[in-house]
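Engineer: Questions regarding the structure given below will be posed in turn.
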DNA sequence: AGATTGAACGGTTTGTTGATTATTCAGAAA
DNA sequence: TTTCTGAATAATCAACAAACCGTTCAATCT
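Residue numbers (this note's numbering), protein chains in the order written: chain A, 1 to 208; chain B, 1001 to 1208.
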């Protein structure tokens, strides 16, 4: 049924327009159906429910973002620190801008994360995979050093949790948040223990 | 007016009983007043409002906790890593147990933090002061190394933010949370860069 | 048969009304 | 005067009804 995909796409398209214009809560299934010139009941042949349409939209959008992140993570000519830096900053900026410029999209993300914790978890996992790749390569090049890459990636995510949840920002501006992220990153990379800071530069030299 | 303090204490005592027994929302000013054998209106000679009574209770309780933390921070015979470890774990455990065993107290904390963001900020600041002291002493002993102690303390708090907000725990058990906190702490102290791990042990030796 | 409809069902939200309660304040009591 | 009261006020909450909307499915169409 190649047609089915087209219809699904049509539904997703219509819903995308409605959701971004009026918000998730304010658009009804009847409206989406009418935009597709079909009855409300017929939507359920293509999606289990309203939330699943939203999830499809979010997945599509998020996949693009993920690809973007992956590109950053494997950027040649930059050392691991720089790539990790850009990776985390990109996530912060995306969240911040979604919140500021696109409250509708943010509402949708909030609803989905709330009703489908699995989805939020899936996003974290995907980003973690990228992190793991970055960390593995960094260790191969001698830039970073760690025992368990998977666990370390989880810890990096735990330590940067604050920058993923706008509820924790309490009216902080983006520059202030960036300053904080910068500081946390430096701590994560260099640690508190005194040690030769030149090692970093050496590793960077090898990488180039 | 030495009497005023006594009356304030009496009010706080009565409110404490009511709040912990029935919860903040479910106790009325009239009840508290009646427990103190006075009229509701008279309470307002001693407190600006209901929330301020709760704040007084929370402040009293929190001050004890702070003192406890301060003792941990200056514990002799332990190196900075160990004291920082205990400090952060103590906070995690306190939050966790309040949530589990004393939902009333947790409700109150939630309401206060919500309505009085200043108060939540004040708590963070106080804990940060302790952190700064710990960091300063650790640097003096050569255990840690950093530029700006104040800023570093803020970053340590930012990186451990996840462990302060039960909303972010998503049904994680205490052992799992402790494992994560352990991991984040190791990252913060040792960093990702490869460096001589023995330096830590050396510093510990000097401290003993 | 398979695809589609749209009325019907049940859960949720919304709007309204009537308490309940925090807070105030004019005056009583000390 | 200073301290306190308790009725008055205004804001919030609870309960109930009506409307709405996501979802289902028996009936209709192709």
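In this text, a Cβ means the ideal position worked out from N, Cα and C, and glycines have one as well.
On a predicted model such as this, the values are computed, not experimentally measured, just so you know.
Within 10 angstroms of its Cβ, does residue 1209 (chain B) collect 16 or more other Cβ (buried), or is it exposed?
Structural biologist: The structure shown does not extend to residue 1209 (chain B), since chain B spans only 1001 to 1208, so no value can be given for it.
Engineer: Which residues of the stretch 1145-1165 of chain B have a Cβ closer than 8 Å to any Cβ of chain A? Give them in chain order.
Structural biologist: 1145, 1146, 1151, 1152, 1154, 1155, 1156, 1158, 1159, 1160, 1161, 1162, 1165
Engineer: Quick one, are the C-beta atoms of residue 88 (chain A) and residue 1155 (chain B) less than 9 Å apart?
Structural biologist: Within the first chain, residue 88 (chain A) is the residue found at index 88, counting from 1. Within the second chain, residue 1155 (chain B) is the residue found at index 155, counting from 1. It is not a contact, given that the beta carbons lie outside the stated cut-off.
Engineer: At a Cβ threshold of 9 Å, is residue 1205 (chain B) touching chain A?
Structural biologist: Walking along the second chain from the start, residue 1205 (chain B) turns up at place 205. Reliability of the predicted coordinates at residue 1205 (chain B) is poor, the pLDDT of 43 falling under 50, and no value is obtained from them.
Engineer: Can you check which of these residues, B:1017, B:1169, B:1181, is closest to residue 1099 (chain B) by C-alpha distance?
Structural biologist: To locate residue 1099 (chain B), count along the second chain from 1; it is residue 99. Ranking the options by Cα distance to residue 1099 (chain B), first place goes to B:1169.
Engineer: Rounded to whole angstroms, what is the Cα-Cα separation between residue 1158 (chain B) and residue 179 (chain A)?
Structural biologist: If you number the second chain from 1, residue 1158 (chain B) lands on position 158. If you number the first chain from 1, residue 179 (chain A) lands on position 179. Roughly 11 Å separates the two Cα atoms.
Engineer: Could I get the ranges of all uninterrupted beta strand (DSSP E) runs contained in the stretch 1092-1137 of chain B, with 3 residues as the minimum, in chain order?
Structural biologist: Along the length of the stretch 1092-1137 of chain B, whole beta strand (DSSP E) runs at least 3 residues long do not occur.
Engineer: For the 8 Å Cβ check, are there 3 or more pairs between the stretch 38-57 of chain A and the stretch 65-73 of chain A?
Structural biologist: no
Engineer: By Cβ distance, which residues of its chain are closer than 6 Å to residue 36 (chain A), with the 5 residues on each side in sequence left out?
Structural biologist: Your numbering for residue 36 (chain A) matches position 36 in the first chain. Excluding five sequence positions before and after residue 36 (chain A), the CB atoms of its chain that fall closer than 6 Å to its own CB belong to 10, 11, 14, given in chain order.
Engineer: Comparing the C-beta of residue 184 (chain A) with each C-beta of chain B, is any distance below 9 Å?
Structural biologist: The sequence position of residue 184 (chain A) within the first chain is 184, counting from 1. Yes, residue 184 (chain A) counts as interfacial toward chain B.
Engineer: For residue 1190 (chain B), return the contacting residues in chain A, with the cut-off set at a CB-CB distance below 7 Å.
Structural biologist: Counting from 1 along the second chain, the entry for residue 1190 (chain B) is found at position 190. Those are 191, 193, listed as they occur along chain A.
Engineer: Please name the residue, chosen from B:1018, B:1022, B:1023, B:1025, that lies closest to residue 1034 (chain B) on a Cα-to-Cα basis.
Structural biologist: The residue given as residue 1034 (chain B) occupies position 34 in the second chain. Selected option, being the one with the closest Cα: B:1018.
Engineer: Relative to the C-alpha of residue 1184 (chain B), which residue among B:1079, B:1160, B:1194, B:1064 is closest?
Structural biologist: Taking the second chain and counting its residues from 1, one reaches residue 1184 (chain B) at position 184. When each option's Cα is compared against that of residue 1184 (chain B), the closest is B:1160.
Engineer: Per the contact definition of three or more C-beta pairs closer than 8 Å, is the stretch 1108-1128 of chain B in contact with the stretch 123-134 of chain A?
Structural biologist: no
Engineer: Report the residue ranges of all beta strand (DSSP E) runs contained in full by the stretch 3-62 of chain A; include only those spanning at least 3 residues, in chain order.
Structural biologist: none
Engineer: For the alpha helix (DSSP H) that residue 149 (chain A) lies in, which residues bound it at each end?
Structural biologist: To locate residue 149 (chain A), count along the first chain from 1; it is residue 149. Run containing residue 149 (chain A): 149-159, per the alpha helix (DSSP H) assignment.
Engineer: Taking Cβ positions only, does residue 1168 (chain B) come closer than 9 Å to chain A?
Structural biologist: Sequence index remark: in the second chain, residue 1168 (chain B) carries index 168 (1-based). Interface criterion met: the Cβ of residue 1168 (chain B) is under 9 Å from a Cβ in chain A.
Engineer: Does residue 194 (chain A) pass the burial test, meaning 16 or more other C-beta atoms within 10 Å, or should it be called exposed?
Structural biologist: By one-based count along the first chain, residue 194 (chain A) stands at place 194. Flag for residue 194 (chain A) reads buried.
Engineer: Check whether the Cβ atoms of residue 1134 (chain B) and residue 1083 (chain B) sit closer than 9 Å, and answer yes or no.
Structural biologist: Position 134 of the second chain, counted from the start, is the residue given in the question as residue 1134 (chain B). Position 83 of the second chain, counted from the start, is the residue given in the question as residue 1083 (chain B). Closer than 9 Å, so yes.
Engineer: Taking only three categories from DSSP, how would you classify residue 76 (chain A)?
Structural biologist: Mapped onto the first chain, residue 76 (chain A) falls at position 76. In the structure shown, the three-state DSSP call for residue 76 (chain A) is coil.
Engineer: Shorter than 9 Å from the beta carbon of residue 1143 (chain B) to some beta carbon of chain A?
Structural biologist: By one-based count along the second chain, residue 1143 (chain B) stands at place 143. By this cut-off, residue 1143 (chain B) is an interface position.
Engineer: Residues of chain B with CB under 7 Å from residue 233 (chain A), in chain order?
Structural biologist: With chain A running from 1 to 208 in the structure shown, residue 233 (chain A) is simply not present.
Engineer: Go ahead and pull the three-state DSSP assignment for residue 1187 (chain B).
Structural biologist: As a working note, residue 1187 (chain B) is residue 187 in the second chain. Residue 1187 (chain B) falls in the helix class under three-state DSSP.
Engineer: Mind checking if residue 137 (chain A) is an interface residue toward chain B, Cβ cutoff 9 Å exclusive?
Structural biologist: Counting from one through the first chain, the residue named residue 137 (chain A) turns up at place 137. Taking Cβ atoms only, chain B never reaches closer than 9 Å to residue 137 (chain A), which makes this a no.
Engineer: Output the distance between the C-alpha atoms of residue 1096 (chain B) and residue 21 (chain A), rounded to the nearest integer angstrom.
Structural biologist: Residue 1096 (chain B) sits at position 96 when you count from the first residue of the second chain. Residue 21 (chain A) sits at position 21 when you count from the first residue of the first chain. Whole-angstrom Cα-Cα distance: 41 Å.
Engineer: Interface residues of chain B around residue 91 (chain A) at Cβ under 9 Å?
Structural biologist: Indexing the first chain from 1 puts residue 91 (chain A) at position 91. The premise fails here: residue 91 (chain A) is roughly 15 Å from chain B at the closest Cβ pair, so nothing lies under 9 Å.
Engineer: Please list the partners that residue 1180 (chain B) has in chain A, where partner means a Cβ-to-Cβ separation under 8 Å.
Structural biologist: Here the question's residue 1180 (chain B) lines up with position 180 in the second chain. By Cβ distance, chain A contributes 154, 155, 158.
Engineer: Could you tell me if residue 79 (chain A) is buried or exposed, where buried requires 16 or more neighbouring beta carbons within 10 angstroms of its beta carbon?
Structural biologist: Here residue 79 (chain A) refers to the residue found at position 79 of the first chain. That one is buried.
Engineer: Please classify residue 1032 (chain B): is it buried, with 16 or more other beta-carbons within 10 angstroms of its beta-carbon, or exposed?
Structural biologist: Counting from 1 along the second chain, the entry for residue 1032 (chain B) is found at position 32. Around the C-beta of residue 1032 (chain B), 16 or more other C-beta atoms lie within 10 Å, and the residue is accordingly described as buried.
Engineer: Report, in whole angstroms, the separation of the C-beta atoms of residue 1024 (chain B) and residue 1056 (chain B), which I expect to be a contact under 8 Å.
Structural biologist: As a working mapping, residue 1024 (chain B) is identified with position 24 in the second chain. As a working mapping, residue 1056 (chain B) is identified with position 56 in the second chain. With a Cβ gap of about 13 Å, residue 1024 (chain B) and residue 1056 (chain B) do not count as contacting.
Engineer: Looking only at its chain, what residues have a beta carbon closer than 7 Å to the beta carbon of residue 145 (chain A), apart from the 5 residues adjacent to it on each side?
Structural biologist: Numbered from its first residue, the first chain carries residue 145 (chain A) at position 145. Closer than 7 Å at Cβ, skipping near neighbours: 139.
Engineer: Skipping 5 residues on each side, what residues in its chain have a beta carbon closer than 7 Å to that of residue 1132 (chain B)?
Structural biologist: The residue you call residue 1132 (chain B) lines up with position 132 of the second chain. The answer, listed in chain order, is 1149, 1150, 1153.
Engineer: Does residue 43 (chain A) pass the burial test, meaning 16 or more other C-beta atoms within 10 Å, or should it be called exposed?
Structural biologist: For this step, residue 43 (chain A) is matched to residue 43 along the first chain. Taking all protein chains shown into account, residue 43 (chain A) has 16 or more neighbouring C-beta atoms within 10 Å of its C-beta and is therefore buried.
Engineer: Output the distance between the C-alpha atoms of residue 1113 (chain B) and residue 176 (chain A), rounded to the nearest integer angstrom.
Structural biologist: Against the second chain, residue 1113 (chain B) aligns to sequence position 113. Against the first chain, residue 176 (chain A) aligns to sequence position 176. Roughly 22 Å between the two C-alpha positions.
Engineer: If you draw a straight line from the C-alpha of residue 1108 (chain B) to the C-alpha of residue 1141 (chain B), how long is it?
Structural biologist: Taking the second chain and counting its residues from 1, the one referred to as residue 1108 (chain B) is at position 108. Taking the second chain and counting its residues from 1, the one referred to as residue 1141 (chain B) is at position 141. When rounded, the distance between both Cα atoms is 41 Å.
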